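Position 264 (the sequence shown) corresponds to 263 in numbering that gives the first Met the number 0; numbering is contiguous. Glycine residues also receive a C-beta, built at the ideal position from the N, C-alpha and C atoms. Please read these numbers as outputs of a predicted model, since none were measured by experiment. Only one structure is covered here, and it is reproduced in the block below.
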Amino acid sequence: MQQERSLVEPHAELPPPHLESGVNLIGYTRTEIGLGEASRLLAASFEAVQLPFAILNYNDPGTLSARNNDTTWAHKEMNHAPYNVNLFHMNAPNLRWAYDLNALPLGRELLHYRYNIGYWAWELPDFPDEWRNSFDLVHEVWAPSTFIVESLQQKSTVPVIRIPHAIEVRGQVRNRSIFGLPEKQFLFLTMYDTHSLKERKNPQGAIEAFKRAFPSTNTSVGLVVKVNNSHTNPAELEILKDLIQGYSNIYLIQEILDRNKVDLLLNAIDCFISLHRSEGFGLVLAEAMYLGKPVIGTNWSGNTDFMKSDNSCLVNYSLAHVGRDIGPYKAYQLWAEPDLEHAAHGMRKLVRDTNYRHSIARRGQTTIREGYSPKVIGEMIHKRLIEIGIKLT
């Protein structure tokens, strides 16, 4: 361990550079996937409390197939790292890969003379042993949910701190016509990205629950299935098309949407549903709640930090083994199997019971706007940096 730790410590013969107090944010800040949005939300949190920061935009092979056109924070990008804290918004294996191949912005020297923090997500109860050497590259780890913190703490050699994602979505006038969606239907929405394995996100669960709740002839309700980066997995897209065949009230959106159009879509629907088997945090669930939309979600994993029985429609589940290796998710691991009948019941209740729908939507919006604003999360970050002795001006 001591030998590995020396990788991130400065070389004694090198004079320390002059470093200002602040944070170098290294991550996928231009990438139009969930990881990219989470990186941008960190930037918003820094700015909300006037914490000095710079951005070093980064991409690796796993994100190059995604669109990288979000320039919201391009004005903060630099080609050097002026501050005394590095915050790597890169998951554990990605950080280790980039370090080992010397693929980080500015190379391995980026870690020298700075306090290094990893901001990591993980979606299952057991953190993989093969990733444990990533802890050797950082002084501490931040994670957005209690679920991830508890998973990482079992294996970590450094402190693991909960720092949630900030949530902020632009309110828009409802406009369904730009998506070709019917104006008068009660519309549910489920979303997933092919960069996130469908077995975990489980969009087919939301489709099946909708089909159990409403017949194909019901023209008063509809389900929108938004797939991001569908071009990277055409076979997966065909499976989804087969699932919705014969249902004229299920709508598939394949277009890659920029942040403005994602906000328009969230504003256009009536309810968001995620029947995930596991979530590290549940970013879109929180975004929908921010907008005052009622949400339906599996009552397990990261989203339960902010989804409670009085502010959302929680779906029962049973724990099951993954059963076979799926990407990084090994067969022995546990995740949730949502009860689709219970989900279907919740969908029907939300359509029929206006008082219930408005009640949970109102409470959900309060939860997110008061507890997860960029200012609130920025203050959490500032407090933690002070606790670890980082002087900030």
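Which residue from the options puts its Cα closest to that of residue i?
i, options, result
"Lys-260", "Phe-178, Asn-132, Arg-107 and Ser-133", "Phe-178"
"Tyr-250", "Ser-308, Leu-256 and Phe-187", "Phe-187"
"Gly-326", "Met-379, His-230, Tyr-355 and Leu-196", "Leu-196"
"Gln-153", "Val-168, Asn-174, Ile-166 and Trp-130", "Trp-130"
"Pro-202", "His-381, Ala-267 and Leu-222", "Leu-222"
"Ile-166", "Phe-280, Phe-87 and Val-314", "Phe-280"
"Val-172", "Asn-315, Asp-262 and Val-140", "Asp-262"
"Asp-99", "Glu-122, Asp-135 and Ala-205", "Asp-135"
"His-265", "Gly-291, Pro-60, Val-220 and Gln-253", "The amino acid at residue 265 is misidentified as His; the sequence shows Leu. That would be Gly-291, whose Cα lies nearest to the Cα of Leu-265."
"Lys-381", "Phe-271, Lys-240, Leu-110 and Val-84", "Looking at the sequence shown, residue 381 is not Lys but His. Nearest option by C-alpha distance: Val-84."
"Ile-206", "Arg-356, Pro-163, Ser-273 and Leu-18", "Ser-273"
"Ile-394", "Gly-204, Thr-71 and Leu-34", "Residue 394 is absent from the structure shown; the chain starts at 0 and stops at 392."
"Gln-184", "Ile-162, Val-220, Tyr-114 and Pro-163", "Val-220"
"Ser-176", "Asp-125, Asn-298 and Ala-267", "Ala-267"
"Ser-144", "Asp-304, Leu-256 and Trp-299", "Asp-304"
Using 8 angstroms for Cβ pairs, my map puts residue i next to residue j. What's the rounded Cβ distance?
i, j, result
"His-341", "Tyr-331", "Rounded, the Cβ-Cβ distance is 27 angstroms, inconsistent with contact."
"Val-137", "Ile-116", "6 angstroms"
"Val-157", "Leu-86", "No, Val-157 and Leu-86 are not in contact; Cβ-Cβ is about 14 angstroms, not under 8 angstroms."
"Met-306", "Leu-284", "7 angstroms"
"Leu-349", "Pro-293", "6 angstroms"
"Val-26", "His-88", "First, the residue type needs correcting, since residue 26 is Gly and not Val in the sequence shown. Yes, they are in contact, since the Cβ atoms of Gly-26 and His-88 sit about 3 angstroms apart, within 8 angstroms."
"Tyr-82", "Ser-20", "7 angstroms"
"Ile-389", "Tyr-114", "6 angstroms"
Would you tell me roughly how many angstroms separate the C-alpha atoms of residue i and residue j, rounded to the nearest one?
i, j, result
"Ala-53", "Asn-78", "9 angstroms"
"His-344", "Arg-66", "37 angstroms"
"Ala-208", "Met-346", "8 angstroms"
"Ile-397", "Glu-76", "With the chain represented from 0 up to 392, any question about residue 397 goes unanswered, as that position is not in the structure."
"Asn-101", "Thr-193", "28 angstroms"
"Pro-337", "Glu-108", "46 angstroms"
"Thr-366", "Ala-287", "12 angstroms"
"Trp-334", "Arg-276", "6 angstroms"
"Val-168", "Arg-39", "12 angstroms"
"Glu-3", "Glu-198", "Legend: pLDDT at Glu-3 = 41, less than 50; position of this residue unreliable, value from coordinates given subsequently. Spanning the two alpha carbons is a distance of roughly 35 angstroms."
"Thr-30", "Tyr-57", "9 angstroms"
"Ser-247", "Ala-212", "15 angstroms"
"Ile-359", "Ala-142", "27 angstroms"
"Ser-215", "Gly-245", "7 angstroms"
"Leu-318", "Leu-151", "20 angstroms"
"Asn-354", "Asp-269", "14 angstroms"
"Leu-24", "Ser-372", "19 angstroms"
"Ala-91", "Ile-160", "15 angstroms"
"Asp-397", "Gly-363", "The requested residue 397 does not occur in the structure, where the chain is confined to residues 0 to 392."
"Leu-313", "Leu-123", "19 angstroms"
"Gly-377", "Phe-146", "21 angstroms"
"His-74", "Tyr-328", "37 angstroms"
"Val-369", "Tyr-289", "At residue 369 the sequence reads Glu, which differs from the Val that was named. Going by the C-alpha atoms only, they are around 10 angstroms apart."
"Leu-384", "Asn-93", "24 angstroms"
"Leu-236", "Arg-361", "35 angstroms"
"Val-140", "Trp-119", "7 angstroms"
"Ala-37", "Gly-301", "15 angstroms"
"Lys-374", "Glu-46", "8 angstroms"
"Pro-51", "Leu-103", "21 angstroms"
"Asn-132", "Gly-35", "24 angstroms"
"Leu-55", "Asn-217", "50 angstroms"
"Asn-227", "Arg-351", "31 angstroms"
"Pro-16", "Ala-80", "11 angstroms"
"Met-0", "Asp-324", "Low per-residue confidence applies at Met-0: pLDDT is 32, beneath 50, and the placement is therefore not dependable, though the value from the model is reported in the following sentence. If you take the alpha carbons of Met-0 and Asp-324, they lie about 29 angstroms apart."
"His-164", "Lys-225", "22 angstroms"
"Met-379", "Ile-238", "43 angstroms"
"Ser-311", "Leu-105", "44 angstroms"
Name the DSSP beta bridge partners of residue i, please?
i, result
"Thr-189", "Val-224"
"Ala-142", "Arg-161"
"Asn-101", "Paired residue(s): none; Asn-101 is not in a bridge."
"Pro-373", "Paired residue(s): none; Pro-373 is not in a bridge."
"Pro-337", "Tyr-316"
"Gly-26", "Asn-56 and His-88"
"Leu-251", "Val-224"
"Glu-182", "None, per the DSSP bridge assignment."
"Ile-402", "In the structure displayed, the chain extends from 0 to 392; residue 402 sits before or after that span and is not available."
"Glu-19", "Tyr-82"
Uninterrupted beta strand (DSSP E) stretches inside the region 77–127 (no shorter than 3 residues) = 82–88 and 114–118
Which ranges does the beta strand (DSSP E) cover as unbroken runs of at least 3 residues, wholly within the region 258–297, from first to last along the chain? 270–273 and 294–297
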